[in-house]
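What follows is a set of notes on a single structure, which appears directly below.
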Ligand SMILES: *Cc1c(COP(=O)(O)O)cnc(C)c1O
């Protein structure tokens, strides 16, 4: 089955080669001033990225994990609080909750979008919690702590169903931090917000990662918080820089979580291409959808509700025998990924929560069936046809095998 040609899950080399001159000139400019941390390059990127997200403020930080942690702390999450999110996300989401001193708790996802199911959030708040008569805050029956924040995760490039989540958050006095680490440029048709709204503009704050493989990636580690709340932005600025309000005057203990100027400069170059790259990803997704159209049932395709304009950080299909398909594609030289194989409630660090298989059945089934196919702006239609052919072959082999 070896075709000779390898098709990677993502191609990080080509876009950087195409932009090589511009990227190198950023580095040379930085050497001239030696302003490596903070400064005008970081501020310019923050202005431009805030504008891209239709948010008022952007605070550049060291990673997406920093962004989540600082947004939670700056939003007011206190040690002992409970923060609710979904089980099928990258562990950084729950690490940030724990690092803010809070405890993670989970609600299940929708079985078509894999993002937080607002009805499950509602029943969690109504049935999985009691109401503290003094503070009127929901108290988790599982953790015993007050539920003060929710993190909807915009997974695979598609936003969570934000309107009902924001309604519940308002009703239960919850801080909303969007995990937008996979959703740079994704949009949501909001009745509350009167039209299409960008990821990063809807919650009290949002966290972005610029890890190299994301839709907007640095050439190293980087992240950002976006928010419309000036006070929250101010607190994030202090948290990322040892709690300083000015040099060596510390209002609080913070972290070393700054964005460095070279990464900010590289991100500025790449940000100018992001809208085009996202459009190319959408075209690739449309091609996949069409090529798979006759395989309905055997291959479950990404579902896009009418309220969503995703940016396809990943193109994730679902099949009944995922391991077999992944092996078949690997043998054919096609890169794949599993995002994510273990739902976090069944992951070792969260054993103390005493959650069991069956507690979040939708996330668990997704974890056993999802497979990410190659997706990047420069993926060629010819390669896509080859990938789809190999997928269909692999599935057909399995089915005739099963009949025998
Ligand atoms: C990448 C990612 C993060 C963490 O970002 P880092 O920059 O690697 O810290 C958090 N949440 C999700 C959903 C991610 O995909």
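Numbering (the working numbering), first residue to last: 13 to 416. C-beta: ideal position from N, C-alpha, C; glycine also.
Excluding five sequence neighbours on each side, which residues of the same chain lie with their C-beta closer than 7 angstroms to the C-beta of residue 228?
196, 222, 279, 282, 283, 286.
Using only Cβ atoms and a threshold of 6 angstroms, which residues come within that distance of a heavy atom of ligand 2? Order them by chain position.
Absence of ligand 2 is noted for the structure shown, with ligand 1 being the only ligands found.
Are residue 186 and residue 162 closer than 8 angstroms when you measure CB to CB?
Cβ distance < 8 angstroms, so residue 186 and residue 162 count as in contact.
Would you check if the distance between the CB atom of residue 83 and the CB atom of residue 240 is smaller than 8 angstroms?
Contact: no.
Using 8 angstroms as the threshold, is the segment 100 to 114 in touch with the segment 75 to 82, meaning 3 or more CB pairs across them?
The segment 100 to 114, when compared against the segment 75 to 82, does touch it at the 8 angstroms Cβ threshold.
In or out: residue 226 buried (at least 16 other Cβ within 10 Å) or exposed?
Per the 10 Å Cβ criterion, buried.
Helix, strand or coil for residue 311? Go by DSSP, reduced to three states.
Coil at residue 311, not helix or strand.
Just list the alpha helix (DSSP H) runs in the segment 28 to 88, keeping only unbroken ones of 4 residues or longer that don't cross its boundaries, in chain order.
Runs found: 32 to 45, 52 to 64, 76 to 87.
So, with DSSP's three-state summary, where would you put residue 365?
Three-state DSSP puts residue 365 in a helix.
Closest to residue 95 by C-alpha separation, out of 191, 106, 208, 341, would be which residue?
Of 191, 106, 208, 341, the residue nearest in Cα terms is 106.
Within 10 angstroms of its Cβ, does residue 208 collect 16 or more other Cβ (buried), or is it exposed?
Residue 208 comes out exposed.
Measure the CB-CB distance between residue 379 and residue 120 and report whether it falls below 8 angstroms.
Against a cut-off of 8 angstroms, the Cβ pair of residue 120 and residue 379 comes out as no contact.
Taking all protein chains shown into account, do 16 or more other C-beta atoms lie within 10 angstroms of the C-beta of residue 308, making it buried, or fewer, making it exposed?
Exposed, by the Cβ-count rule.
Enumerate, from N- to C-terminal direction, the unbroken alpha helix (DSSP H) stretches of 4 or more residues contained entirely within the segment 195 to 257.
The segment 195 to 257 contains these whole alpha helix (DSSP H) runs: 242 to 251.
The alpha helix (DSSP H) with residue 175 in it runs from where to where?
Run containing residue 175: 174 to 183, per the alpha helix (DSSP H) assignment.
Comparing C-alpha positions only, which one of 122, 51, 149, 101 sits nearest to residue 89?
That would be 149, whose Cα lies nearest to the Cα of residue 89.
Would you list the one or two residues that DSSP bridges to residue 351?
Note: residue 351 sits in no beta bridge, so no partner.
Using DSSP with H/G/I as helix, E/B as strand and the rest coil, what is residue 414?
With a pLDDT of 48 at residue 414, under the threshold of 50, the modelled position of this residue cannot be trusted, and the question is left open.
Within the continuous beta strand (DSSP E) that includes residue 191, where are the two ends?
Start and end: 187 to 191.
Determine, using beta-carbon pairs with one atom in the segment 36 to 45 and one in the segment 210 to 220, whether at least three such pairs fall under 8 angstroms.
Touching, no.
Nearest chain C C-beta to residue 30 closer than 8 angstroms, yes or no?
Absent here is chain C; the protein component of the structure consists of one chain.
Look at residue 382 and residue 357 and say whether their C-beta atoms are less than 8 angstroms apart.
No.
Here's the rule: buried if 16 or more other CB atoms are within 10 angstroms of the residue's CB, otherwise exposed. What is residue 362?
When all chains shown are included, residue 362 counts as buried.
Near residue 317, what residues of its chain come up, given a Cβ to Cβ distance below 7 angstroms and the 5 sequence neighbours on each side ignored?
Answer for residue 317: 125, listed in chain order.
Spatial neighbours of residue 22 within its chain, please: C-beta separation below 6 angstroms, excluding the five flanking residues on both sides.
Excluding residues within five positions, the ones whose Cβ falls inside 6 angstroms are 225, 388.
Report yes or no: do the segment 163 to 175 and the segment 134 to 147 share at least 3 C-beta pairs separated by less than 8 angstroms?
No, because fewer than three Cβ pairs between the segment 163 to 175 and the segment 134 to 147 fall closer than 8 angstroms, the two stretches do not touch.
Nearest-angstrom Cα distance between residue 320 and residue 219?
Going from the Cα of residue 320 to the Cα of residue 219 covers about 19 angstroms.
In terms of alpha-carbon separation, which member of 248, 167, 116, 53 lies closest to residue 73?
Residue 73 has its Cα closest to that of 248, out of 248, 167, 116, 53.
May I ask you to report which of helix, strand or coil DSSP gives residue 385?
Residue 385 falls in the strand class under three-state DSSP.
Keeping to the same chain, check which residues put their C-beta closer than 7 angstroms to that of residue 329; ignore five residues upstream and five downstream.
Cβ within range, chain order: 311, 312, 313, 383, 385.
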